[in-house]
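One structure is given here, and the rest of the page talks about it.
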Amino acid sequence: NTLLQKVSLDEIESNGDGENKNDAALYDILDQNSELLLEPLNDADAVMDRESIYDPGMSRDERFDRYDQVMEERIEKASNKSVRRILSTMKDYVSSKR
Numbered sequence: 256n257t258l259l260q261k262v263s264l265d266e267i268e269s270n271g272d273g274e275n276k277n278d279a280a281l282y283d284i285l286d287q288n289s290e291l292l293l294e295p296l297n298d299a300d301a302v303m304d305r306e307s308i309y310d311p312g313m314s315r316d317e318r319f320d321r322y323d324q325v326m327e328e329r330i331e332k333a334s335n336k337s338v339r340r341i342l343s344t345m346k347d348y349v350s351s352k353r
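If you use my numbering, the sequence shown corresponds to residues 256 to 353, in order.
This is the structure in structure tokens:
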């Protein structure tokens, strides 16, 4: 949620012509927070809470697979097109770090 809060949905929705600019801004935010995003995927010893999408003992590849699966589900369930776009961009960004 923190990443989503940094990106103004109103700004993204109102700047249809500025999608590339908004995508660049979102990628900047993702780059600034890459350690936070990637830690549970890359660190087998990362502390997971009870609500984690990852199971103990999952390999790195299994975690990336689960991340992709969960993000696809969240994208499909999102009713706001801007949220879908942000989630899709996040998924693509994280997948590119595989």
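Where a beta carbon is used, it is the ideal one built from N, C-alpha and C, also for glycine.
It should be emphasised that the depicted structure is a prediction, and the values quoted were computed from it without experimental measurement.
Annotation: the continuous alpha helix (DSSP H) that includes residue 341 extends over 336-351.
Going by C-alpha positions, residue 287 is about 14 Å away from residue 278. Residue 292 places its beta carbon less than 8 Å from that of residue 349. Rounded to the nearest whole angstrom, the CA to CA distance from residue 314 to residue 307 is 15 Å.
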